[in-house]
Structure formats: structure tokens, C-alpha cells
Amino acid sequence: MRVVVQEEPFDFGREAQDFATGHNNMGAIVTFTGVVRDADKGGMDRMVIEHYPGMTQKALEKIAEEAVSRWDLGDVLVIHRHGELRQGDMIMMVATASRHRVNAFEAAEYLMDYLKSRAPFWKKEYTADGAEWVAAKDEDEDALSRW
Amino acid sequence: MDVLYFAWVRERIGIPKEKVETNATTVMQLVEELKTREARYEVAFSDLSALRVAVDQELTDFDAPLEGVREVAFFPPMTGG
Numbered sequence: 323m324r325v326v327v328q329e330e331p332f333d334f335g336r337e338a339q340d341f342a343t344g345h346n347n348m349g350a351i352v353t354f355t356g357v358v359r360d361a362d363k364g365g366m367d368r369m370v371i372e373h374y375p376g377m378t379q380k381a382l383e384k385i386a387e388e389a390v391s392r393w394d395l396g397d398v399l400v401i402h403r404h405g406e407l408r409q410g411d412m413i414m415m416v417a418t419a420s421r422h423r424v425n426a427f428e429a430a431e432y433l434m435d436y437l438k439s440r441a442p443f444w445k446k447e448y449t450a451d452g453a454e455w456v457a458a459k460d461e462d463e464d465a466l467s468r469w
Numbered sequence: 015m016d017v018l019y020f021a022w023v024r025e026r027i028g029i030p031k032e033k034v035e036t037n038a039t040t041v042m043q044l045v046e047e048l049k050t051r052e053a054r055y056e057v058a059f060s061d062l063s064a065l066r067v068a069v070d071q072e073l074t075d076f077d078a079p080l081e082g083v084r085e086v087a088f089f090p091p092m093t094g095g
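So the protein sequences, as listed, match chains A and H. Numbered as in the working numbering, the first sequence ends at 469 without a single skipped number. Numbered as in the working numbering, the second sequence ends at 95 without a single skipped number.
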């Protein structure tokens, strides 16, 4: 299990390659990457992600540990960035390794659902009109109830 | 104890962190105490349904006890991922 919180970009290809090799008897590797898109109203210049330094690493590790306890996983990777990002930049990635794909897919979805509303990150979007905090969506909270 | 604010809560209160001497025994009592200080606290804490709280860096509820606690953080619902 590896959990990384960092400001600098990560190399998705290299991370996925490293994660996908070196495991014993893992038949399925699933990766998900979140990419910065435009603000809903358009015209976004940049996004700044604030986080809670003392808590973020622990919160992510707890979510990853919970995934490991629920599914038959060989390994989990979570990388999440903070700081200033622009459209097209990769914000975060998760990867799961399992003997079978159902576990790998489900665990990756679980990680994503919990990262969205239980990890202490807050996005702020900057457009020509000014800056706005991204509001949490009800469906993100509702998504947790299926687990 | 240290009280931390993030995102728009930090902006409304105007500081990221402060030391608070308090006899409050729960998070809710601490909130009520802060609200009496100045208008900016009253505004920031006006709708608790829009806020989340962490005690010693663990998410919890507003009725959480404060005995022995070193750090309380207030912030809006998280938007990671």
C-alpha cells in the first residue's frame, strides 16, 4: 500500500507501469486518474486545492486500509495533489491490484467515492469573474451509502 | 488547544489557526463560545449543516467531547478526488 500527498505533478505512465509489475499472482490491475476540467460555468483559469496537512495522509491511509480489509487486494496506490493546477493537469490517481477484476474495479470505485468526500481537500476555481470554492455535491455524499 | 480553519471558513474568520483557551467540553460548546467573540465567527458558524469538524485530525460530530483534545479543525464539506 502506498499513499502519497504531493504538490508536484506525478508521472501517470510510470506510476501505472511500476504498480502493474512486481506483484505475484495479481490477475487484474485497475487505475483511475482524475483530471482538472473547466469550471461548470466555463472560463476557468486555474484551480487551487487546499488541504489539511496534518490530517490528509492519515485520512487517505485509513480509506486505503478500509479498501484492503473489504476486498481481496494485493496492493493499493493513492496519489493526490494539492496546490495550483490547470485544465488538463492530473489531480490524483488510484490503482488497485487483485487476483480478479471485480475486486479491483469495486475497490477503485470505493476509493474514489471516499476520496471525494472524506479526504480533507477543498477545490477553489479561478475565472475572470473571480474565485469560487467548489461546493460538495449531494450525490457525492449519497454515493457512500452504497458501500 | 489549537483551532484550525480551512477553505471558506478560513477566509471568513480571516486566519488559518489560533490558540484558544476554553472550558468548553464539547465541540458545540466551543462553537457557541467562538460565535460570541466577533461577527466574523457568528457568520462563519451560522449554518452548521454546511460545516464539518475534525478533532485531533479525525472527522467527528459537533457533539464530540473535547477533554484532552489538542486540535480542532472546522471546514466545509470536502471536495477531493
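Backbone N, C-alpha and C fix where the C-beta goes; we use that ideal spot for every residue, glycine too.
Sequence-distant partners of Met42 (chain H) (beyond 5 residues in either direction) whose C-beta falls short of 8 Å from its own C-beta, in its chain, are Phe76 and Asp77. Only those residues of the stretch 425-443 of chain A whose C-beta falls short of 8 Å from the nearest C-beta of chain H are listed: Met434, Leu437, Lys438, Ser439, Arg440, Ala441, Pro442 and Phe443.
Beta-bridge partners assigned by DSSP to Gly410 (chain A): none are found. Within chain H, the residues placing a beta-carbon under 8 Å from that of Tyr374 (chain A) are Leu18, Phe20, Ala68, Gln71, Ala87 and Phe89, ordered along the chain.
The alpha carbon of Glu330 (chain A) has as its nearest neighbour, out of A:Arg408, A:Thr418 and A:Leu399, the alpha carbon of A:Arg408.
In chain H, no part has a C-beta under 8 Å from the C-beta of Lys363 (chain A); the shortest such distance is about 16 Å.
Classified as exposed, Leu466 (chain A) has fewer than 16 neighbouring CB atoms from the shown chains inside 10 Å of its CB. In the same chain as Ile27 (chain H), and ignoring 5 residues on each side of it, the C-beta atoms closer than 6 Å to its own belong to Tyr19, Arg54 and Ala58, in chain order. Using a C-beta cut-off of 8 Å, the stretch 413-426 of chain A makes contact with the stretch 341-352 of chain A, since at least three inter-stretch Cβ pairs fall below that distance. Between the stretch 389-409 of chain A and the stretch 81-91 of chain H, the count of C-beta pairs closer than 8 Å stays below three; the two stretches do not touch. Here Ser63 (chain H) is exposed. Its C-beta has fewer than 16 other C-beta atoms within 10 Å. With contacts defined by Cβ atoms closer than 8 Å, Ala457 (chain A) and Lys446 (chain A) do not form a contacting pair. At a beta-carbon threshold of 8 Å, the residues of chain A lying near Met92 (chain H) are Lys438, Ser439, Arg440, Ala441, Pro442, Phe443, Trp444 and Ala458, ordered along the chain. Of all residues in the stretch 400-425 of chain A, those with a C-beta nearer than 8 Å to a C-beta of chain H are His402, Ile413 and Met414, reading in chain order. Taking one beta carbon from each stretch, the stretch 357-372 of chain A and the stretch 380-398 of chain A have fewer than 3 pairs nearer than 8 Å; the two do not touch.
Assigned with DSSP and collapsed to three states, Ala38 (chain H) falls in coil, not helix or strand.
The contact set of Gly95 (chain H) on chain A, defined by CB atoms closer than 7 Å, consists of Gly356, Met414, Met434, Leu437 and Lys438 in chain order. Per DSSP, Lys380 (chain A) is one residue of the alpha helix (DSSP H) stretching across Pro375 to Arg392.
Residue range Ala21 to Ile27 is occupied by the alpha helix (DSSP H) that includes Glu25 (chain H). Under the 8 Å criterion on CB atoms, Met377 (chain A) is classed as interfacial with respect to chain H. Annotation for Asn347 (chain A): Gly396 and Arg421 place their beta carbon closer than 8 Å to its own, counting only its chain and skipping 5 residues before and after.
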